[in-house]
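Number of protein chains: 2
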Amino acid sequence: MIFTVRQDQLQVLLIERGNTPYLGQSALPGGFVRDGETLDEAALRELSEETGLDGRTLHLEQLHAYSDPDRDPRGRVITVAYLALGPDLPLPVAGTDATAARWEPVSSALSDDTSLAFDHTAILRDGLERARSQLEHTTVAAAFCPEPFTVGDLRRIYEAVWGFNLDPSNFRRKVTRTEGFLEPTGERRFSETGRPAALYHRGVASLLIPPLLRSGEVSS
Amino acid sequence: MIFTVRQDQLQVLLIERGNTPYLGQSALPGGFVRDGETLDEAALRELSEETGLDGRTLHLEQLHAYSDPDRDPRGRVITVAYLALGPDLPLPVAGTDATAARWEPVSSALSDDTSLAFDHTAILRDGLERARSQLEHTTVAAAFCPEPFTVGDLRRIYEAVWGFNLDPSNFRRKVTRTEGFLEPTGERRFSETGRPAALYHRGVASLLIPPLLRSGEVSS
DNA sequence: GAAATAGTGTCTCTAAGACAGTATATA
DNA sequence: TATATACTGTCTTAGAGACACTATTTC
Numbered sequence: 001m002i003f004t005v006r007q008d009q010l011q012v013l014l015i016e017r018g019n020t021p022y023l024g025q026s027a028l029p030g031g032f033v034r035d036g037e038t039l040d041e042a043a044l045r046e047l048s049e050e051t052g053l054d055g056r057t058l059h060l061e062q063l064h065a066y067s068d069p070d071r072d073p074r075g076r077v078i079t080v081a082y083l084a085l086g087p088d089l090p091l092p093v094a095g096t097d098a099t100a101a102r103w104e105p106v107s108s109a110l111s112d113d114t115s116l117a118f119d120h121t122a123i124l125r126d127g128l129e130r131a132r133s134q135l136e137h138t139t140v141a142a143a144f145c146p147e148p149f150t151v152g153d154l155r156r157i158y159e160a161v162w163g164f165n166l167d168p169s170n171f172r173r174k175v176t177r178t179e180g181f182l183e184p185t186g187e188r189r190f191s192e193t194g195r196p197a198a199l200y201h202r203g204v205a206s207l208l209i210p211p212l213l214r215s216g217e218v219s220s
Numbered sequence: 221m222i223f224t225v226r227q228d229q230l231q232v233l234l235i236e237r238g239n240t241p242y243l244g245q246s247a248l249p250g251g252f253v254r255d256g257e258t259l260d261e262a263a264l265r266e267l268s269e270e271t272g273l274d275g276r277t278l279h280l281e282q283l284h285a286y287s288d289p290d291r292d293p294r295g296r297v298i299t300v301a302y303l304a305l306g307p308d309l310p311l312p313v314a315g316t317d318a319t320a321a322r323w324e325p326v327s328s329a330l331s332d333d334t335s336l337a338f339d340h341t342a343i344l345r346d347g348l349e350r351a352r353s354q355l356e357h358t359t360v361a362a363a364f365c366p367e368p369f370t371v372g373d374l375r376r377i378y379e380a381v382w383g384f385n386l387d388p389s390n391f392r393r394k395v396t397r398t399e400g401f402l403e404p405t406g407e408r409r410f411s412e413t414g415r416p417a418a419l420y421h422r423g424v425a426s427l428l429i430p431p432l433l434r435s436g437e438v439s440s
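Chains as they are written, first to last, in our numbering: chain A, 1 to 220; chain F, 221 to 440.
In structure tokens, the structure reads:
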């Protein structure tokens, strides 16, 4: 399950299935573990096969194992789901076995008029919740930002993943005062309008202590 | 991986292996998934086979999948580890295939002079960290307490799992003011010494918001 | 009475929420 | 100039840490 943020939206990579079952339906990309390969290695390999990306530069973590005996009509398949987070990723490369891969907003992939293959809707729901929770306790949000990035870029990541707006002032205070979250580059970025923003690289810290809790789910 | 708290110590159920490989060494209990069974069901079944306990009354959660191709010398075995938490559990029933099952303090099972079979030391480390983290964000600590229990009982659970002491006064304020953590029974417990303590049942809440963070790892 | 544990109250400090105000760019 | 975004500062409040103090039991 590969998440990115594009156009201020959390999006997920979906493929159109080219085989039965669920022919023509959307699904999360995936594949089978090979002999002599760990699950992490298999996830990295599938990731690079689907997107052409070097997964070692992305955030990748194991999510959960799904094991309902009837979840795959072909037979007994246990899936160990992985979650990958990356900055505004390119469209998937052609020529893979993933026919018609595309980015889809997570909100629309989870909406009632979309039905994913297998139990992938439930997996996607779990992945979304994991991503939202990770933003509270870790600095992975920076993994969504192409470097270098501004505090505003980072805030828009949080807003896209959590689905509500944050106070820019308080958000800035939190992330700039968290040791090791942001490393200033000394540069600034000029955009069409407004004051130029300071640019940062990802810092070395991986945990947010104290956490940045999503307590204010009110504003649009 | 079955955790309990006995004698103010976090303990884990270990078995003595009766077969090669790792014959005679200690290991976490486990087994193979059967056809037509989910992983959750398999975990519950193994739990009841090993301890005679009805797992539905315990807290049970999936931890992580372990997949190093060389982790089992007999061949390719992927393990999905589960974590079960329960109140001061009875000693495991005899007559199962678990030869010589016993409770062992987690600290000693993780000490340098103990070596568990397979990669079970790493699994145990992950399980301990998960349990410690769960105590911060959820009310599962109550799953370790035989009902009814006192605020002091609950505090000693935290102290056993986290490995350091908490301020009794601040701990009481936190758990009693968290809606749905404790449900007063109106009864009191008289012990050999000291003022009798009010007794509680587990409440309906499962999340601790805000969390009870282990920030003060200082006192003995 | 002492000793031990249960429980209350209070002071302080950190950090988050709300929000006013200033700074610096483009059109 | 207006507008938009970046950034600073300040007031208030929630909640945690430290810790003094009171309450109720057994010996």
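Positions of the beta carbon are idealized from the N, C-alpha and C atoms, including for glycine. Quick caveat: nothing in here was measured; it's all calculated off a predicted structure.
Reference residue i; option with closest CA among the options
i: A:P211; options: A:R195, A:R132, A:T57; result: A:R132
i: A:L85; options: A:S169, A:T178, A:S26, A:P146; result: A:P146
i: F:L309; options: F:G295, F:V297, F:E324; result: F:E324
i: A:D115; options: A:L14, A:V140, A:E41, A:N165; result: It should be noted that the sequence gives Ser, not Asp, for residue 115 of chain A. Checking every option, the nearest Cα to that of A:S115 belongs to A:L14.
i: A:Q7; options: A:N170, A:F171, A:A160; result: A:A160
i: A:H137; options: A:L207, A:L166, A:D112, A:E49; result: A:L207
i: A:E50; options: A:P73, A:R102, A:P87; result: A:R102
i: A:N170; options: A:G186, A:R214, A:V140, A:Q134; result: A:R214
i: F:A320; options: F:L230, F:G414, F:G238, F:F364; result: F:G238
i: A:R173; options: A:R155, A:F190, A:N165, A:R188; result: A:R155
i: A:P196; options: A:T150, A:A43, A:E61; result: A:T150
i: A:S26; options: A:F3, A:R76, A:A109, A:R34; result: A:A109
i: F:E399; options: F:A425, F:L386, F:A301, F:R408; result: F:A425
i: A:T57; options: A:A81, A:F144, A:P21; result: A:F144
i: A:M1; options: A:G203, A:T121, A:E183, A:E187; result: A:T121
i: F:E236; options: F:Q229, F:R397, F:G250; result: F:G250
i: A:G186; options: A:Q134, A:H201, A:R125, A:V33; result: A:H201
i: F:L303; options: F:G272, F:R397, F:L248, F:Y242; result: F:L248
i: A:T139; options: A:R74, A:G24, A:S111, A:G203; result: A:G203
i: A:R188; options: A:G55, A:L182, A:P148; result: A:P148
i: F:R350; options: F:A262, F:A263, F:H279; result: F:H279
Opening and closing residue of the beta strand (DSSP E) in which residue i lies
i: A:L166; result: It is not in any beta strand (DSSP E) - A:L166 carries neither H nor E in the DSSP assignment.
i: A:T79; result: 79 to 86
i: F:T405; result: 402 to 409
i: A:A65; result: 59 to 66
i: A:I221; result: Absent from the structure is residue 221 of chain A, since the part of chain A shown begins at 1 and ends at 220.
i: A:R226; result: With chain A covering 1 to 220 only, the question about residue 226 of chain A has no answer from this structure.
Integer-rounded CB distance, given that residue j should sit under 8 angstroms from residue i
i: F:G347; j: F:L283; result: 6 angstroms
i: F:V225; j: F:I377; result: 5 angstroms
i: F:D292; j: F:F338; result: 6 angstroms
i: F:A285; j: A:L39; result: 6 angstroms
i: A:P69; j: A:R76; result: 6 angstroms
i: F:V395; j: F:V326; result: 23 angstroms between Cβ atoms; not a contact.
Extent of the continuous alpha helix (DSSP H) run through residue i
i: F:R237; result: Premise fails: F:R237 is in no alpha helix (DSSP H) and is neither H nor E.
i: A:V161; result: 151 to 162
i: F:T271; result: 259 to 271
i: A:V106; result: 106 to 109
i: A:R130; result: 120 to 137
Query raised in the report: What residues in the region 251 to 283 of chain F have a beta carbon less than 9 angstroms from any beta carbon of chain A?
Result: Cβ contacts with chain A come from V253, D255, G256, E257, T258, L259, D260, E261, A262, Q282.
Report task. Report the residues of the region 285 to 296 of chain F with a CB closer than 7 angstroms to any CB of chain A, ordered along the chain. Result -> A285, S287, D288, P289, R296
Requested in this report: Compile a chain-ordered list of the residues in the region 136 to 153 of chain A whose CB is closer than 8 angstroms to at least one CB of chain F.
Outcome: none
Query raised in the report: If contact means a Cβ-Cβ distance below 9 angstroms, which residues of the region 422 to 438 of chain F contact chain A?
Result: I429, P430, P431, L433, S435
Query raised in the report: If you measure beta-carbon to beta-carbon, which residues of the region 225 to 242 of chain F are closer than 8 angstroms to chain A?
Result: none
Query raised in the report: For the region 298 to 309 of chain F, which residues have a CB atom closer than 9 angstroms to at least one CB atom of chain A, in sequence order?
Result: I298, V300
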